[in-house]
Amino acid sequence: MEKEENKLMENIVSLCKRRGFIYPGSEVYGGLAGTFDYGPLGVALKNNIKNLWWKKFVDGRDDMYGVDAAILMNSSVWKASGHVDTFTEALVECSKCHKRFREDHLKEKGKCDDCGGATGDAKKFNGMFKTQIGAMDDSSATIYLRPETAQGMFVNFKNIVDSFHPKLPFGMAQIGKAFRNEITPRDFIFRVREFEQMEIEYFIKSEGWEKYFEYFRDEMLEWMESMGIDMNKVHELEVLSEDLAHYSKRTIDFEFDFPFGRKELYGLAYRTDYDLNSHKLDYQDEETSSRIVPHVIEPSFGVDRTVLAILLSSYKEDTSGDEVRPYLDFKTSVAPVICAVSPLLKNKPELRDYARVVYRNLKDEFGRVMWDDNGNIGKRYRRQDEIGTPWCIVIDFDTLTDDSVTIRNRDTGKQERIKKEDIISYIKEKMD
12 MEKEENKLME NIVSLCKRRG FIYPGSEVYG GLAGTFDYGP LGVALKNNIK NLWWKKFVDG
72 RDDMYGVDAA ILMNSSVWKA SGHVDTFTEA LVECSKCHKR FREDHLKEKG KCDDCGGATG
132 DAKKFNGMFK TQIGAMDDSS ATIYLRPETA QGMFVNFKNI VDSFHPKLPF GMAQIGKAFR
192 NEITPRDFIF RVREFEQMEI EYFIKSEGWE KYFEYFRDEM LEWMESMGID MNKVHELEVL
252 SEDLAHYSKR TIDFEFDFPF GRKELYGLAY RTDYDLNSHK LDYQDEETSS RIVPHVIEPS
312 FGVDRTVLAI LLSSYKEDTS GDEVRPYLDF KTSVAPVICA VSPLLKNKPE LRDYARVVYR
372 NLKDEFGRVM WDDNGNIGKR YRRQDEIGTP WCIVIDFDTL TDDSVTIRNR DTGKQERIKK
432 EDIISYIKEK MD
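Per this note's numbering, the sequence shown starts with residue 12, numbered consecutively.
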């Protein structure tokens with residue numbers, strides 16, 4: 012079983028590089044551990060995920076306010092939030108090969124994962140990236156790359172209240188980059204040093220917080236299923252009190268069965284009033300004419316981990332033919348390419364000209380449409396299957412006489428003839 016899981020991960024990593032989803036960061040200079048670059052199809056997949064998240068959790072609601080806070084923040088923010096003092100991990104070093112690891116990531120405590128040597132005593136390691144701001148090189152110039160997007164919302168709480176006068180409950184939402192100086196980045200894009208988050212801070216009165224916690228729990232599960240994540244591989248872990256973050260009273264981790272083990276995909280936390288109290292912020296309650304400190308429910312989603320979970324959930328192999336056919340059965344809503352248009356033969360101007368008209372019409376309608384005339388038709392099908400394109404549309408010589416095209420289904424390989432004027436309605440009817 013472990014061999015099969017390792018093979019799956021190898022297939023995903025290989026496909027991602029080969030087809031332009033994800034590349035190793037700085038590859039031409041030997042790479043940089045824990046960094047990855049998203050290629051054209053990876054960018055499209057990420058954007059689809061982020062746009063659908065924003066549509067559901069922000070545009071689809073009337074109690075959510077979007078922000079885009081600066082990555083660089085006054086260091087006092089991280090001191091007040093507790094990150095300077097508590098955002099630490101236990102670091103151990105192998106006495107034999109001198110590689111360093113997070114103690115809680117070792118397969119066997121006290122033993123190096125790479126060479127089997129003994130690890131020394133653990134030391135505290137702060138996971139925030141430090142940098143300098145301005146021309147002075149002293150402690151007053153020290154700032155941090157944000158390790159989470161949440162604090163950018165908390166410090167803008169007063170601004171949102173003053174600008175929009177929202178009534179409780181209401182939320183703030185943000186999509187943005189965060190940075191963590193991981194000791195041992197690993198497992199492709201799962202544990203990296205630069206990543207993207209989609210987060211909500213939902214402000215409530217302390218009474219009845221359980222209701223809102225359960226509400227967002229259901230919303231998160233619904234979101235996962237709508238993205239095409241394999242729900243048979245999703246599990247909920249109630250975080251034990253001794254393992255809770257310093258700000259949390261209750262946290263659920265939504266875990267996913269990755270090939271390298273069951274790991275956290277998303278998190279849902281009840282942060283109480285810790286953060287607003289830390290920043291000395293409160294709220295004028297019109298009902299009681301008193302000032303209160305709202306409590307917070309935080310649903311947190313990792314963009315990169317979502318990408319990986321969707322890729323793993325979508326990867327399939329068809330073994331019914333002479334050769335294994337790998338393909339990604341993306342939902343249409345997240346697929347980087349909805350359909351590809353091809354002339355049957357590349358060197359026939361009459362087919363190319365007709366195909367270009369069809370392509371342009373579909374491009375104007377859906378946007379995510381690819382022109383593909385590279386190689387023979389069989390190779391085009393295989394290529395489009397691998398990148399998860401739901402339909403391939405081929406213009407052949409019959410098209411020139413009856414205005415019908417061949418449309419091929421990615422998952423079944425089934426081909427149909429439909430009229431050119433029916434292509435858009437056909438696709439819209441079958442989109443998920």
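Note that beta-carbon positions come from the ideal geometry of N, C-alpha and C, so glycine has one too.
For clarity, every value in this text was computed on a predicted model and none was experimentally measured.
Residue ranges of uninterrupted alpha helix (DSSP H) with 4 or more members, entirely inside the segment 178 to 256 and ordered along the chain, are 220 to 237. Your pair G138 and F98 checks out as a contact, with CB atoms roughly 6 Å apart and the cut at 8 Å. Distance from the CA of E205 to the CA of G313, rounded to the nearest whole angstrom, comes to 11 Å. Taking C-beta atoms as the reference points, P401 and C350 count as a pair closer than 8 Å.
Rounded to whole angstroms, the Cβ separation of P347 and I429 is 24 Å, and the two are not in contact under 8 Å.
Rounded to the nearest angstrom, the gap between the Cα atoms of T283 and E230 is 20 Å. The alpha-carbon of V69 is positioned some 7 Å away from that of G77. Between T195 and H116, the gap from beta carbon to beta carbon is short of 8 Å. For A320, the closest alpha carbon among the candidates I23, E15 and K18 is that of I23.
In this structure, the beta-carbon distance from L19 to Y326 falls below 8 Å. Sequence-distant Cβ neighbours of P158 in its own chain, meaning closer than 7 Å and more than five residues away, are H94, F98, G138, M139, A189, F190 and R191. By the Cβ criterion, the segment 166 to 186 is in contact with the segment 285 to 295, since at least three pairs of Cβ atoms, one from each stretch, lie closer than 8 Å. The residues S259, T262 and E309, in chain order, have a CB closer than 6 Å to that of A280 in the same chain once the five nearest residues on each side in sequence are set aside. CA-to-CA, the gap between G182 and R391 works out to about 46 Å. Partner residues in the beta bridge of H306, as assigned by DSSP, are I215.
The beta carbon of D125 sits closer than 8 Å to the beta carbons of C105, C108 and K110 from its chain, once the five residues preceding and following it are set aside; these are given in chain order. Listed as beta-bridge partners of Q143 by DSSP are T153.
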